[in-house]
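Numbering-wise, the UniProt record's numbering puts 1032 at position 1032 of the sequence shown, and it's gapless, one number per residue. Virtual Cβ for every residue (Gly too), placed ideally from N, Cα, C. Inspection log for the structure reproduced underneath, given as structure tokens.
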Amino acid sequence: MIALLNMRLNKLILFRELGIFCLLLISAVWCSVSERKVCQGTNNKLTLLAQPDDHYRAMVRMYRNCTVVLENLEITNVQEYHDLSFLRSIEEVGGYVLIGINYVDVIPLENLRLIRGHSLFDGKYGLAVVANFHRNESLESNSITSGLRELHMRSLTEILKGGVKIVHNPLLCNVETIQWLDIVQDDSDVNVSRGTDPQCRRCDSGCYNGSCWAPGPENCQTLTRLNCAEQCSRRCKGPKPIDCCSEHCAAGCTGPQPTDCLACRDFQDDGMCKDACPRLMLYDPNTHQLVPNPNGKYNFGATCVKKCPYNFVATDHDACVRTCSSNMHEVEENGIRKCKQCDGLCPKGFLLIQGWPEQLNSLSPFENLEIIRGRTKQGTVSFAALNIPHLDHLGLHSLKEISDGEVVIRNNSRLCYVEGSYWPKLFRSENQRIRTENNAPMHSCEQQNSTCDSMCGEEGCWGPGPSMCVSCQHVSRKGRCVSHCNVLDGDPREYVSENVCLECDPECKILNRTPSCHGPGADQCTECAHFKDGTQCVAQCAQGLYNRLVWTYPDKNGQCQPCHANCTQRCSGPGLEGCELKGSHMPVVAAGLVGGMLLLMVLLLFIFVIFRRRYIRRKRTLRRLLQERELVGPLTPSGEAPNQALLRILKETELKKIKVLGSGAFGTVFKGLWIPEGEDVKVPVAVKVLREVASPKASKEILDEAYVMAGVDHPHMCRLLGICLTSSIQLITQIMPFGSLLDYVQENKDNIGSQTLLNWCVQIAKGMNYLEECHLVHRDLAARNVLVKTPNHVKITDFGLARLLGAEEKEYHADEGKVPIKWMALESIRHWTYTHQSDVWSYGVTVWELMTFGSKPYDGIPAREIGDILEKGERLPQPSICTIDVYMIMVKCWMIDADSRPHFRELVAEFSKMARDPSRYLVIQGDDHMYQPSPTDSKFCMSWISTEDMDGVVDAEEYLLPNKRFFNQSQPPPTPQYHNTADNYTNGVMLHYITDPTLKDLMLPEYINLDVTETSNMINPNYEGPARGQTENGYIDTYGCKPDGPEYLNTSCATLPRSPCATLDNPDYQQNFLSSSTTDALFLPAAENSHYLGLSKAMQSHIR
């Protein structure tokens, strides 16, 4: 058996020595037999680009006579009747080989030796043979009638990178006998399934181990690795140690030297395999500089070449590439096209114009285009003009070359001048062609006189007129065909060169009936217009330096003659008598010196005066400062307006607590009344009684919250009415009838229409825009922190997390505490950075809550994973009632780049526009019949009346601005006059409780209560139902604390014991700074919400 193997190896060696020794020589490199041709290859995978026959013809044009495929060899969608004999010339593939969806019996790749695998099919296969069969569905048996039976690849001995996948080929025979480990690398994946055809013919009996590609002794597998001696590092030609190939060889060899390789593993340089090509620049240790290497070469594929092939460019890294990188552009230097760094913006690599102006009937903007290189193509097309009905000519009269790619011109109903014979002369490859279809017919062009000018040659033209000719009938002048040049007469005078009229030099004399010049330059003139210096016509004879010190003069014939050797300046004739006398330069030098000194003295005097004035100014300033009694620090005004918000300090006797709404870590919330001292009014309020603070930090945070809420004055922001500084600090806020907007939309989703939803979005955006103008970052915007005053009026509340930015601050970095992860922007989750734009993100989530009628964002996803899924691009889905317009606004709010998100003023404008046409943007079933109850219709109001005496109850806003009722409906309120000094407001109750006590004329608030006289069954079960034992699982402690839920993340653990009670103000999270030993830390269920609006007097009289 070993002897038989050696015999076959010797035959193989002999066969290889006869004709294909130079496997990797490509482009302009010659081997011993023939010039090797390189083709680009494709990257279409299994895609059928056109009809099967057109697809086949494109393959023939690509691979005919091709030896080396630079990219991928893709043989797909071949029919039974197609001839694939053109594939026999291919010897090497740079990428992968794909054979798929073919119906032919045989794939003839007998000479393919090496697959480099620079790119892999499906990311891991260098050779893929898949689905090569045809099932005849018209037959009842639905049987396979044709397909690939034999894979003739007997020369394939190595795949440098990638595995093998041969599946779904029921008729393919013998591939399971191939010893693939001899071909692929050790770590490659081999997935080969055998065919099921019972008619398969077995391998020849002489094949080693029964391995063959097809029947017959010539198709036996040639081993170059598994049978090698242990001393061999890679490939071998036989089993003996002397049969080892060089480490630079691939696919086998004929001897041990690098020049004996059948293919090179890395690079081939003039018949020798190397690991790298000679560099173009070498380091000179003597001069310590880089010097040109006379033997340097470029890397082109796996070959070293002295010059890059046509339509390739050279890089600074000694490589030939098809296109330059993104920051470089193509230039030509010394006849070599190179990639050079761009100075500014790089020129575009290609143009894809999908529309053409109707006023342009040609491609005249590209009239100076000379070369289309076709390095980036649309499929196989580098130039196309399609479907332009108003195009009547191309107008590309400067175009000289289309380096690569096909030309397609079709479906242009008015286009003429495209049937010329000039197209083949523009092409640089035999694979290029032009396709013209459905353009203007020739007879129609002739009727419209849309034909080439009479001055044009037979090759055709690009459009009408003599300037559009491809070639001229006679001669051309500056790109325009003319009948003759101005050689003997006419202006300017010209000479003819290659049928082109070129102007004579201006120093040539214009002659009549005689050519004035015979070529370019002043030395080609027949006669000179002025003087002649040697062979050159000049305007005057040389006077002074002209490469050397030369003085000349013109003689009577106009020839420039040299002056006498003793002439130191110009001369007017021959001999010493023609020399001009040399004048004295002393007066000029003296005048220059005197002028320079005067100028210097003036400059010095000017500098002295300037410094003297500065010294006197500093001395006076110091004297003035010393005379003052004390020095004051310099003013550094910030430009910020003073904060004139009013913080009311209420007495404990003015407050009446009626009922406990709930309690938590911060303290207890009571439903109560504020009864101002000395007045017969009752204002319904929510009283937040805080626990005795346990640390200075807690005291500061409580007063910070009061500071923030006191400074807020907006129709859509919940106001702080006052603060009571008892041992347990009490915050007094407005109270609302419908509770939070989240609970409201959940319970009344069947009664909420598009107009109401969009109005809420506008009102929330207005409130947040007000906060942004006040440099206030909310940090906890959500539907649960928006309260419902009436179904048409909502207010933003819960400033527990809000922070005020200073005049120069742009962002706020948070400390410890629980945070609402699922409402937060990505920068807030990752870096704890809060800005107005992070509030925009939370606004988008809030709008999503409203549009889904209270659904939980990212429901079922743990909070710890929110940051990761946001970075991966996942966002909340589009609500079912939202059109794409509304959803795109939400998506803009969730952009990773904070500066790309819209501002609140923009959101106000967007949603205001939508609110004017709500049914266009929100699609809700039965939208026209929606009904929302008013605050006085709820059972909570009835429970309030049943528990308390309601005499004198007034709304908080109504009480703080009592004069509003005194204005007539049609009369606008008076403008505040700051100079008014009316005494009756100086110490009155009205002045004590108005928003700004400095205003003497009171402004009307934006909203007032409406009197209603009818109650309803409508009830909000979240405020009338049974008590909930615990808060929602909404937060997580990331520092080891026990997690409360998946939606919020605690940045640190509280050091004090945690209260087991929930907080009514925001049951989702709380700050753990209070002691759990407080005796009243008991959660009491809220029969009503902690934010309500009082009843009007008309309601009281009705109930009575």
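- For Leu-46, the closest C-alpha among the options Ala-565, Val-93, Ala-131 is that of Ala-131.
- Taking every protein chain shown into account, the CB of His-288 has fewer than 16 other CB atoms within 10 angstroms, so this residue is exposed.
- When secondary structure is reduced to three states using DSSP, Gln-79 falls in the coil class, being assigned neither helix nor strand.
- One Cα belongs to Met-468, the other to Met-442, and the distance between them is close to 18 Å.
- For Met-717, DSSP records a beta bridge to Ile-796.
- Short of 6 Å from the beta carbon of Gln-536, and not among the five residues preceding or following it, lie these beta carbons of its own chain, in chain order: Ala-522, Asp-523.
- CA-to-CA, the gap between Phe-611 and Leu-598 works out to about 21 Å.
- Within the model, the alpha-carbon separation for Gln-199 versus Gln-432 is close to 43 Å.
- Exclusion of the five residues before and after Arg-225 leaves Asp-182, Arg-235 as the residues of its chain whose Cβ lies within less than 7 Å of its Cβ.
- Taking the Cβ atoms as the reference, Lys-700 lies roughly 30 Å from Glu-677, outside the contact range of under 8 Å.
- Taking each of Leu-112, Pro-857, Leu-787 in turn and checking the Cα distance to Leu-73, the smallest one comes out for Leu-112.
- Here Ala-565 is exposed, its C-beta having fewer than 16 other C-beta atoms within 10 Å.
- In summary, Phe-608 is exposed, with fewer than 16 beta-carbon neighbours lying within 10 Å of its beta-carbon over all protein chains present.
- In this structure, the straight-line span from the alpha carbon of Tyr-283 to that of Leu-87 is close to 45 Å.
- Distance check between Gly-578 and each of Cys-567, Val-588, Pro-587 places Cys-567 closest, using alpha-carbon atoms only.
- In this structure, Gly-753 is the residue among Gly-753, His-778, Arg-779 with its C-alpha nearest to the C-alpha of Asn-792.
- Under DSSP, Trp-894 takes part in no beta bridge, so it has no partner.
- Residue nearest to Gln-221 within the set Ser-205, Gln-231, Glu-230, Ala-229 is Ser-205 (criterion: CA-CA distance).
- Counting every other CB atom within 10 Å of its CB across the protein chains shown gives Asp-105 a total below 16, marking it as exposed.
- Between Pro-256 and His-248, the C-beta gap is not smaller than 8 Å, which leaves the two residues out of contact.
- Ile-723 is bridged by DSSP to Ile-649, Leu-731.
- Distance from the CA atom of Leu-109 to the CA atom of Phe-121, rounded to whole angstroms, is 19 Å.
- Around the beta carbon of Gln-763, a 10 Å sphere encloses 16 or more other beta carbons of the protein chains shown; the residue is thus reported as buried.
- Under the rule that a run must span 3 or more residues, the beta strand (DSSP E) segments found entirely inside the segment 404-431 read 406-410.
- With contacts defined by Cβ atoms closer than 8 Å, Leu-758 and Val-788 do not form a contacting pair.
- The alpha-carbon separation between Leu-625 and Thr-835 amounts to approximately 44 Å.
- Thr-436 places its beta carbon less than 8 Å from that of Ile-409.
- When DSSP reads this structure, Thr-177 sits in no beta bridge, so it has no partner.
- The three-state reading of DSSP puts Met-281 in strand, counting E and B together.
- One Cα belongs to Gly-94, the other to Ser-233, and the distance between them is close to 23 Å.
- One thing to note: Ser-382 has its Cβ no nearer than 8 Å to the Cβ of Glu-367.
- Taking the Cα of Gln-473 as reference, the smallest distance to any Cα among Lys-509, Cys-461, Met-455 is reached at Met-455.
- Counting only the Cα atoms, Val-331 lies some 22 Å from Asn-293.
- Pairing Val-192 with Ile-166 gives a Cβ-Cβ distance under 8 Å.
- According to the DSSP secondary-structure assignment, Gln-746 is paired through a beta bridge with no residue.
- In this structure, Leu-396 keeps its C-beta atom at 8 Å or more from the C-beta atom of Leu-351.
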